[in-house]
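Trainee:
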Amino acid sequence: MLERAEIVRKEYLRHDKKFPHVWCPGCGNGIVMGALLRAVNGLGLDKDEVVLASGIGCSGRMPTYIDFNTIHTTHGRALTFSTGIKLANPDLTVLTVMGDGDATAIGGNHFIHAARRNINLTAIIVNNATYGMTGGQYSPATPYGSKSTTSVYGHVEHAFNIAELAVAAGASFVARSTVYHATHLEQMITKAIQKRGFSVMEVISNCHVQHGRRNKLGGAVQMINGFKDQSVTVKKAEGMSPEELEGKITIGVLADVDKPISTEEYLRIAGEAKEKADKVTKAKEKNGIKRYEE
Amino acid sequence: MENPEKQKKVLLQGNEAIVAGALAAGCRFFAGYPITPASEISELLSVRLPELGGTFIQMEDEIASMGAVVGASLAGTKSMTATSGPGFSLIQENLGYACITETPCVIVDVMRGGPSTGLATNPSQGDVQMARWGTHGDHPIIVLAVSSVADCFSITVKAFNLSEKYRTPVILLSDEVVAHTRESVVLPEDEQIRVFDRVRPDVPPEWYKPYADNNRGVPDMASFGDGYRHHVTGLVHDEKGYPTQDPQEIDQFLRRIHSKISKGFNEIQVVKTFLMEDAEIFVIAYGSVARSALRAVRDARKAGIKAGLLQLVTLFPFPRKSVDTYLRQCRVAVVPEMNLGQMGREVSRVNQSDCRIVKHNKIDGQLITPDEILKHLTTV
Ligand SMILES: Cc1ncc(C[n+]2csc(CCOP(=O)(O)OP(=O)(O)O)c2C)c(N)n1
Ligand code: SF4
Ligand SMILES: [Mg+2]
Chain A
476 MLERAEIVRK EYLRHDKKFP HVWCPGCGNG IVMGALLRAV NGLGLDKDEV
526 VLASGIGCSG RMPTYIDFNT IHTTHGRALT FSTGIKLANP DLTVLTVMGD
576 GDATAIGGNH FIHAARRNIN LTAIIVNNAT YGMTGGQYSP ATPYGSKSTT
626 SVYGHVEHAF NIAELAVAAG ASFVARSTVY HATHLEQMIT KAIQKRGFSV
676 MEVISNCHVQ HGRRNKLGGA VQMINGFKDQ SVTVKKAEGM SPEELEGKIT
726 IGVLADVDKP ISTEEYLRIA GEAKEKADKV TKAKEKNGIK RYEE
Chain B
-1 MENPEKQKKV LLQGNEAIVA GALAAGCRFF AGYPITPASE ISELLSVRLP
49 ELGGTFIQME DEIASMGAVV GASLAGTKSM TATSGPGFSL IQENLGYACI
99 TETPCVIVDV MRGGPSTGLA TNPSQGDVQM ARWGTHGDHP IIVLAVSSVA
149 DCFSITVKAF NLSEKYRTPV ILLSDEVVAH TRESVVLPED EQIRVFDRVR
199 PDVPPEWYKP YADNNRGVPD MASFGDGYRH HVTGLVHDEK GYPTQDPQEI
249 DQFLRRIHSK ISKGFNEIQV VKTFLMEDAE IFVIAYGSVA RSALRAVRDA
299 RKAGIKAGLL QLVTLFPFPR KSVDTYLRQC RVAVVPEMNL GQMGREVSRV
349 NQSDCRIVKH NKIDGQLITP DEILKHLTTV
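Sequence lines, in order, name chains A and B.
Its first residue numbered 476, the first sequence is counted upward by one per residue in the working numbering.
Its first residue numbered -1, the second sequence is counted upward by one per residue in the working numbering.
1. Under 8 angstroms between the Cβ atoms of Phe28(B) and Phe54(B)?
2. In chain order, what residues of the segment 583 to 605 of chain A put their CB closer than 7 angstroms to some CB of chain B?
3. Rounded to the nearest angstrom, how far is the Cβ of Ala510(A) from that of Leu660(A), given a contact under 8 angstroms?
4. Taking Ser260(B) as the reference, which of Met274(B), Thr166(B), Thr231(B) has the closest Cα?
5. For Gly503(A), which residues of its own chain have a beta-carbon under 6 angstroms away from its beta-carbon, when the five flanking residues on both sides are left out?
6. Could you have a look at Arg479(A) and say whether DSSP puts it in helix, strand or coil?
7. When DSSP builds the beta bridges, which residues end up paired with Arg318(B)?
8. Heavy atom of ligand 1 less than 7 angstroms from the Cβ of Met341(B), yes or no?
9. Am I right that Ile139(B) and Cys103(B) are in contact with their C-beta atoms under 8 angstroms? What's the rounded C-beta distance?
10. Quick one: is the Cβ of Asn700(A) within less than 7 angstroms of any heavy atom of ligand 2?
11. Buried or exposed: which applies to Glu162(B), given that a residue is buried once 16 or more other Cβ atoms fall within 10 Å of its Cβ?
12. At a Cβ cut of 9 angstroms, what residues of the segment 710 to 721 of chain A count as close to chain B, listed as they run along the chain?
13. Examine chain B for any beta-carbon lying closer than 8 angstroms to the beta-carbon of Arg484(A), and answer yes or no.
14. Taking only runs of the alpha helix (DSSP H) that begin and end inside the segment 53 to 105 of chain B, which ones reach a length of at least 4 residues, in chain order?
15. Using CA coordinates, which residue listed in Glu189(B), Ile61(B), Asn13(B), Gly52(B) is at the minimum distance from Ile153(B)?
16. At what residues does the beta strand (DSSP E) containing Asp173(B) begin and finish?
17. Quick one: is Leu72(B) near chain A, going by C-beta distance under 8 angstroms?
18. Per DSSP, what kind of secondary structure is Phe28(B) in: helix, strand or coil?
19. Going by CA-CA distance only, name the one from Glu265(B), Thr75(B), Phe280(B), Pro48(B) that's closest to Glu739(A).
20. I'd like to check one pair, Ala283(B) with Gly306(B): are the Cβ atoms closer than 8 angstroms?
21. Which whole-angstrom value describes the C-beta separation of Arg180(B) and Gln11(B), a residue pair presumed to lie in contact below a C-beta threshold of 8 angstroms?
22. Let me check one thing: in DSSP terms, what residues is Phe280(B) bridge-paired to?
23. Could you tell me whether the Cβ of Leu562(A) comes closer than 8 angstroms to any Cβ of chain B?
24. Using beta carbons (cut-off 8 angstroms, strictly below), is Tyr240(B) in contact with chain A?
25. Name the one or two DSSP bridge partners that Thr597(A) has.
26. If you draw a straight line from the alpha carbon of Gln250(B) to that of Thr377(B), how long is it in whole angstroms?
27. Can you have a look at Ile482(A) and say buried or exposed, based on whether 16 or more other CB atoms are within 10 angstroms of its CB?
28. Hey, could you find the ends of the alpha helix (DSSP H) Asn584(A) is sitting in?
29. Near Val572(A), which residues of its chain fall below 6 angstroms by C-beta distance, leaving aside the five closest residues on each side in sequence?
30. Using a Cβ-based criterion (distance less than 7 angstroms to any ligand heavy atom), does Gln243(B) qualify as near ligand 2?
31. For Gln267(B), name the three-state secondary structure that DSSP assigns.
32. Please identify the residue among Ala294(B), Pro203(B), Leu375(B), Cys25(B) whose C-alpha is closest to the C-alpha of Ile105(B).
33. Ala745(A): which of Ala15(B), Leu365(B), Val45(B) sits nearest, CA to CA?
34. Who are the Cβ neighbours of Pro35(B) in its own chain at under 7 angstroms, not counting the five residues just before and after it?
35. One question on the structure: do Gly607(A) and Thr624(A) come within less than 8 angstroms of each other, judged by their Cβ atoms?
36. Output yes if chain A places a C-beta closer than 8 angstroms to the C-beta of Pro48(B); else output no.
The following block contains the structure:
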């Protein structure tokens, strides 16, 4: 493990970047980044062929530090940029990191449409149940009753279940893990990248500085240990009642289906269209007619 | 560059000619969202791009369209979107991203009456100042306007060329009249079309600095996937592309992206003149209004009035030099617009002579007729 960590540090971090990073000590974003890099390393992907895109937020800073083709886009829109990149160059492996607010508030529409569209992209959502970067306001993933800087009396709305939202929107692959389960997280990210089609990885993470502090959840270590206690595997969850699952985090693969990938479908119909068009052009040129003159 | 739409004389509407121009310029990616009066551009490209090995996608809204356009351009493909007022409002966020990341792309705005849903099928020129200032912060931008079907082809090619050369988004303003008018035009032969492609780096990847200044002020641009791994961000960045808080680096960066455009003023600021040599009174017009203006000027000449037309093709950066020259030459400038004076205010701003400026503003959803302009030319 240590040896791999060293390889990852040497091979994948941008040493010309003016470190230190922006994250608070103990933030789960670092664990997600480590798992992501080990997954890419394990898959033997060429750095030149990997694009890491992000939105805006603490999680959104991840690409800055990593030596891939990286793009830090606008708040909530990362998947739209990733879509353009992937369509323009389908050979690239395009990974997209987003925060919970990023992906499901301002970017909610892009998120469900990316899932519906089924382009071969991987979305990694770092769910820390708050807007970390802007100072701990409530997000669409903030639990009912929680305190935040915009719900000091307790939150009156209900949270999205992000992974289930992705399943309902039609994502080909959906998995969930937590920053406690670093090895599991790496395995799940690996599967998500390998999956052909739109894959979603929800990572339950800690923002002890904002969300944790206001809700008396303790520091980084306590919060991360809490994820361990709260987690149940998909298999175990199957045998549990909704009441028993209250407050639990179901980890593992929640959906894995095979369906046509729109990028590939597009290439197929484009190939056919081109063939047809070439025939028409040839026939017309033979008769001395050029396009548009019909 | 081969013009895929080559032919002799053809009957086209403005929107179709924009498509032909874009394809001739090498555009191979389009993302858009349906809206009148721009939809024909999407529809036609959804047919033509697959045939040419390009990509068409209809996104969930215009914010997404603009994101996809920037993404595709960063991956090395010439890209564009087309929309109208309500969609133009939505693209502003990622348009600013294209400005700060210096990503070439073309945005067509077929103007209709506003604000809001406004007048969906009526012409207008109400988006002119928005095209200049729509996205937040001091930013450089190029805005061009088309007035005829022939323009729709050639100015679209120009828009792509400028965007590639200066690494900047270029906004092409059309209006409902130009978009839907059918005219017989002769599209240029392949060899007559000049196409400019972005300058790509040739240094070893470890030397590459994606935002380093050079004598043009326009850094060489690598594509994602071609070995020059680099970072792109909407934060103000240093020459390596990493976010910076250093006042000197911030200042240098923001000044460079503005000065790269001013360095190219001679090439960027395009105007057309008609009968201006001896003109004593002239019309400053753009878009479909320039057509009416030309007719009015010809009629005025017949009546013995020394009238001329200065047609603005480039609206921004405002072609101050040309405008100033003729303001000094003439005693009256008539500025007809289908808005409440969005270009007229630019003309007034630069006027340093005693030329009188007469603004003719129409916002009832109807186009400006030659007679309306002629009336000014004969009475002032
Ligand atoms: C259009 C827009 N609105 C608001 C913001 C301010 N903003 C920056 S980050 C952020 C929220 C980030 O929360 P989340 O996506 O959960 O990421 P985290 O910081 O928690 O990782 C907001 C609202 C912005 N950058 N852009
Ligand atoms: S504010 Fe929260 S999410 Fe952001 S770096 Fe600090 S701990 Fe992490
Ligand atoms: Mg968050």
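In this text, a Cβ means the ideal position worked out from N, Cα and C, and glycines have one as well.
Mentor: In short:
1. In contact: Phe28(B) and Phe54(B) (Cβ atoms closer than 8 angstroms).
2. For the segment 583 to 605 of chain A, which is checked against every Cβ of chain B, the residues closer than 7 angstroms are Asn584, His585, His588.
3. About 4 angstroms separates the two Cβ atoms, so the contact holds.
4. Checking every option, the nearest Cα to that of Ser260(B) belongs to Thr166(B).
5. Sequence-distant Cβ neighbours of Gly503(A) in its own chain, meaning closer than 6 angstroms and more than five residues away, are Val654, Ser680, Asn681.
6. It is helical.
7. Under DSSP, Arg318(B) shares a beta bridge with no residue.
8. Incorrect: Met341(B) has no Cβ contact closer than 7 angstroms to ligand 1.
9. Not quite, the Cβ-Cβ distance comes to about 12 angstroms (not below 8 angstroms), so this is no contact.
10. Asn700(A) has its CB no nearer than 7 angstroms to any heavy atom of ligand 2.
11. Counting every other CB atom within 10 Å of its CB across the protein chains shown gives Glu162(B) a total of 16 or more, marking it as buried.
12. Residues: none.
13. Answer no: the Cβ-Cβ gap between Arg484(A) and chain B never drops below 8 angstroms.
14. Considered as a whole, the segment 53 to 105 of chain B harbours 60 to 72, 83 to 99 as its complete alpha helix (DSSP H) runs of no fewer than 4 residues, in chain order.
15. For Ile153(B), the nearest C-alpha among the options comes from Asn13(B).
16. Run containing Asp173(B): 167 to 173, per the beta strand (DSSP E) assignment.
17. Answer yes: the Cβ-Cβ gap between Leu72(B) and chain A drops below 8 angstroms somewhere.
18. Phe28(B) carries a strand assignment under DSSP once its states are collapsed to helix, strand and coil.
19. Considering only alpha carbons, the answer is Pro48(B).
20. In this structure, Ala283(B) does not lie closer than 8 angstroms to Gly306(B) by Cβ.
21. Right, the Cβ-Cβ distance comes to about 5 angstroms (below 8 angstroms), so this counts as a contact.
22. Paired residue(s): Gly306(B), Ala331(B).
23. With a threshold of 8 angstroms between beta carbons, Leu562(A) makes contact with chain B.
24. With 8 angstroms as the cut-off, Tyr240(B) counts as an interface residue toward chain A.
25. Note: Thr597(A) sits in a beta bridge opposite Leu570(A), Ser674(A).
26. Pairing Gln250(B) with Thr377(B), the inter-Cα distance amounts to about 51 angstroms.
27. Around the beta carbon of Ile482(A), a 10 Å sphere encloses fewer than 16 other beta carbons of the protein chains shown; the residue is thus reported as exposed.
28. Counting along the chain, the alpha helix (DSSP H) containing Asn584(A) begins and ends at 583 to 592.
29. If we look at Val572(A) and ignore the five residues flanking it on each side, its Cβ neighbours are Ser529, Ser534, Met537, Ile599.
30. Outside the cutoff, so no.
31. Gln267(B): coil per DSSP, three-state reduction.
32. Nearest C-alpha to Ile105(B): Cys25(B).
33. Selected option, being the one with the closest Cα: Val45(B).
34. Same-chain partners within the cutoff: Ser82, Val108, Arg110, Thr119, Glu174, Ala177, His178.
35. Against a cut-off of 8 angstroms, the Cβ pair of Thr624(A) and Gly607(A) comes out as no contact.
36. Cβ-Cβ to chain A under 8 angstroms: yes for Pro48(B).
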